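First to last, the protein sequences are chains X and C. Sequential numbering of the first sequence, starting at 1, is according to this note's numbering. Sequential numbering of the second sequence, starting at 267, is according to this note's numbering. Beta carbons are placed, not taken as given, at the ideal position from N, Cα and C, and that holds for glycine. Given the structure is predicted, the values throughout are model-derived calculations rather than measurements.
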Amino acid sequence: MKEIRLAIKIVKTLIKDRMQYPDRLFVDTTGVIARCGVLLILYGYVYKLNNGTIGGTTFLFAAWSIFFYFSFSVLRLRDISREIMKDVQTGNVEVLFGKPISYLSYRMWWQFGSSLYSFVIITILAVIALIFIIGLPPTMTVGIFIPTLILTFICGTVLSLFLYAIVGLLAFWIEDINPVFWIVDKAVMILGGSYLPVALFPTSMYKIALYSPFGAAKFITHTVYDTWQTNWYQLIGLQLFWIILLGMIIYFMFAQAKQKVSVNGG
Amino acid sequence: MNSNSIVVTNLTKKFSFSAKSSSSSWLKNLFSPETKEIIAVNDISFSVKRGERVAFIGPNGAGKSTTIKMLTGILFPTSGKVDILGFDPTKDRKKLAYQIGTVFGQRSQLLPNLPLTDSLEFFGVMYDLPEKEIKKRIAELVELFDLGTFIAQPVRKLSLGQRMRAEVAVSFIHKPKIILLDEPTIGLDVVAKKALRDLLLKINKEEKTTIFLTSHDVGDIESLCDRTIVINRGAVIRDLPTHDLAKTFVYEKYIDLVAQNSFSVFPDLPEGLRYSIKDKNKITVVVDVNKISVQESLKKLLDLFEVEDVDVYNVGLETVIRHIYERD
Chain X
1 MKEIRLAIKI VKTLIKDRMQ YPDRLFVDTT GVIARCGVLL ILYGYVYKLN NGTIGGTTFL
61 FAAWSIFFYF SFSVLRLRDI SREIMKDVQT GNVEVLFGKP ISYLSYRMWW QFGSSLYSFV
121 IITILAVIAL IFIIGLPPTM TVGIFIPTLI LTFICGTVLS LFLYAIVGLL AFWIEDINPV
181 FWIVDKAVMI LGGSYLPVAL FPTSMYKIAL YSPFGAAKFI THTVYDTWQT NWYQLIGLQL
241 FWIILLGMII YFMFAQAKQK VSVNGG
Chain C
267 MNSNSIVVTN LTKKFSFSAK SSSSSWLKNL FSPETKEIIA VNDISFSVKR GERVAFIGPN
327 GAGKSTTIKM LTGILFPTSG KVDILGFDPT KDRKKLAYQI GTVFGQRSQL LPNLPLTDSL
387 EFFGVMYDLP EKEIKKRIAE LVELFDLGTF IAQPVRKLSL GQRMRAEVAV SFIHKPKIIL
447 LDEPTIGLDV VAKKALRDLL LKINKEEKTT IFLTSHDVGD IESLCDRTIV INRGAVIRDL
507 PTHDLAKTFV YEKYIDLVAQ NSFSVFPDLP EGLRYSIKDK NKITVVVDVN KISVQESLKK
567 LLDLFEVEDV DVYNVGLETV IRHIYERD
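Take a look at the structure:
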């Protein structure tokens, strides 16, 4: 109960904090429009050149899949790696270790809350805009879509936080995690479908996207395709598998990391 | 009932690190580097009574912060035992956190973009206080720390003095039984330092909070702490009441001589006396009382110089502490 109360307080406090800075929301929105918008224009053109279909998929599906990727990215969950590294490098970890909290769960809620406000606003605005501009694919109007979307969103959020927290925890051993972060982040970007929608992946790469935690973190991009209605439980099952496995890795890593704390001035 | 808040027994902390050897190959340095060890805290023992105000001092790298971090459960000791209010910090870090407050002068725990009230409420929830209790405690702290004038301002817009007051206030949100302060007055001006020291004294008196403080500022030690523990190279070298600190090491007295006209020659001084300042208007002589008495020194100096005024005084606490560090 105490943990839930604290989590709600963290999220509420951060939303209040972010509301003080409308310029940050403007920057986030512009960033998403620029990155996602350019890709959508390019894909729209490519689909047109191929008579509207590539690999059995139309632009409508690809566009929503790409949008889901970028919308999810607004949460900036990957930044938890750098926040943990910063805590270790600056010694701020000692302030948080001195509090009656679980450091990692505090950091995860903090990360989730820090961009939630931008995520909600941008997603709502972008969904309305996309419905008006390109419309909704039929797969998004079936009854199972919304509940499974929420489920895979939650699992994706937890999985992303776990994945990037593991990278962040490496800072207790190697201090500068940037090279590892770069590899993991690029793997998530590519296998998550940021550049190329997952439906257009070659079979081998699709399998890697399906069975690796990098791709599983972004299964939200799969929800718009026909296949989702038949294999959603398998994909969510895979997410749960990775959550359990990475959760155990985090548990053991953190137990070791606590013993490795060595901050400035002690 | 145990009257000790803190009991430290044979506490040791060693840090190991890999060191590249210039004589070894890069392959050996990569896979089997030499391991070096630093003993940051070496077998120290002490106890602190409930409500006591203790200064834990030492030069840079002496092991002060390492000790504080072991007391709070942030660092794990290599050997030895820490007992704080009956808790073992290595096993009961979270439970212990409800009973202690920490202030790290060089690190902030406040929410920079929001008004101070938000930080106070935030930490109230973190320490699991009921909403009613949080409001009541905030009102108490606002009065106690005189936060009313700036509580609605974003923390980043506060002056350093205001911010430190706020940092300490936040650390008291859960009424800790012990407060551990690591350089709380660092960077503050004299007025802000005094205000913060007065506040800590007031809290110690009103809430019976044990104060355990590390500082390089002699003013903090003199005005706040009734006991001083000196640590150097990881070992406790002195543990005594603060007012005895200066007395114990008074083997030196200082004599200021103010010139009647001006001093032009500075003759050699008898054994036990040495110049500290040679100026045409003022001379300061250091007397080693083990070798020559103050009375004898005055006689000899007045024979040597024509003076308008004489002042005899003890060394300041800062000098005493410097002597302790240097002698060790």
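is_contact[residue i, chain X] using C-beta, thresh 8 Å
i: F478(C); result: no
i: L341(C); result: yes
i: V434(C); result: no
i: D510(C); result: no
i: Y520(C); result: no
i: K557(C); result: no
i: K286(C); result: no
i: K280(C); result: no
i: K357(C); result: no
i: K360(C); result: yes
Sheet register partners of residue i (DSSP bridge)
i: E300(C); result: A285(C)
i: S530(C); result: Beta-bridge pairing links S530(C) to no other residue.
i: N270(C); result: K315(C)
i: A321(C); result: L479(C), T494(C)
i: D448(C); result: F370(C), T480(C)
i: P420(C); result: P381(C)
i: T58(X); result: T53(X)
i: V307(C); result: K279(C)
Chain C contact for residue i (CB, 8 Å cutoff)
i: M253(X); result: no
i: G266(X); result: Residue placement at G266(X) cannot be trusted, given a pLDDT of 42 that sits under 50; what the coordinates show is reported in the next sentence. G266(X) counts as touching chain C.
i: G52(X); result: no
i: I174(X); result: no
i: F97(X); result: yes
i: D17(X); result: yes
i: Q20(X); result: yes
i: R107(X); result: no
i: T30(X); result: no
i: T203(X); result: no
i: T123(X); result: no
i: T13(X); result: yes
i: K186(X); result: no
i: K2(X); result: yes
i: K48(X); result: no
i: K207(X); result: no
i: V218(X); result: Just to set this straight, residue 218(X) is Lys in the shown sequence, not Val. Not one chain C Cβ lies under 8 Å of K218(X).
i: L246(X); result: no
Neighbouring residues, chain C, relative to residue i (Cβ below 8 Å)
i: Q259(X); result: F342
i: R24(X); result: Correct list: empty, because the minimum Cβ distance to chain C is about 10 Å.
Neighbour list for residue i in chain X, Cβ cutoff strictly below 7 Å
i: A363(C); result: G98, K99, P100
i: K294(C); result: Near K294(C) there are no residues of chain X at all, since even the closest Cβ is about 20 Å away, more than 7 Å.
Partner residues on chain X for residue i, Cβ-Cβ distance less than 9 Å
i: T338(C); result: E94, F97, G98
Contacts of residue i in chain C (Cβ-Cβ under 7 Å)
i: L6(X); result: V391, M392
Chain X residues whose Cβ lies nearer than 8 Å to that of residue i
i: K443(C); result: The contacting residues do not exist; K443(C) stays about 14 Å from chain X at best.
Runs of 4 residues minimum, wholly inside the stretch 91–178 of chain X: which ones carry the alpha helix (DSSP H) assignment? Those alpha helix (DSSP H) runs which fall completely within the stretch 91–178 of chain X and span 4+ residues are 93–97, 103–114, 116–133, 145–169, 171–174.
Which parts of the stretch 500–588 of chain C are runs of the beta strand (DSSP E), unbroken and 3 residues or longer, counting only runs that do not cross its ends? Qualifying beta strand (DSSP E) stretches, in chain order: 501–507, 518–525, 539–544, 548–554, 573–580.
Note down, one range per segment and in chain order, each beta strand (DSSP E) of at least 3 residues found wholly within the stretch 325–386 of chain C. 345–350, 366–370
Given a limit of 7 Å on CB to CB distance, which residues of the stretch 369–384 of chain C reach chain X? F370, R373, Q375, L377, N379, L380, D384
Output, in sequence order along the chain, the residues in the stretch 76–102 of chain X whose CB is closer than 9 Å to any CB in chain C. T90, G91, N92, V93, E94, V95, L96, F97, G98, K99, P100, I101, S102
Listed from N- to C-terminal order along the chain, which residues in the stretch 386–404 of chain C have their beta-carbon within a distance smaller than 7 Å of any beta-carbon of chain X? Those residues of the stretch 386–404 of chain C that come within reach of chain X (Cβ to Cβ, closer than 7 Å) are F388, V391, M392, Y393, D394.
Using a Cβ-Cβ cut-off of less than 7 Å, list which residues of the stretch 404–429 of chain C approach chain X; keep chain order. From the stretch 404–429 of chain C, no residue has a Cβ closer than 7 Å to chain X.
Going along the stretch 320–339 of chain C in order, which residues come within less than 9 Å of chain B, judged by CB to CB distance? The chain inventory of the structure shown lacks chain B, comprising the protein chains X and C.
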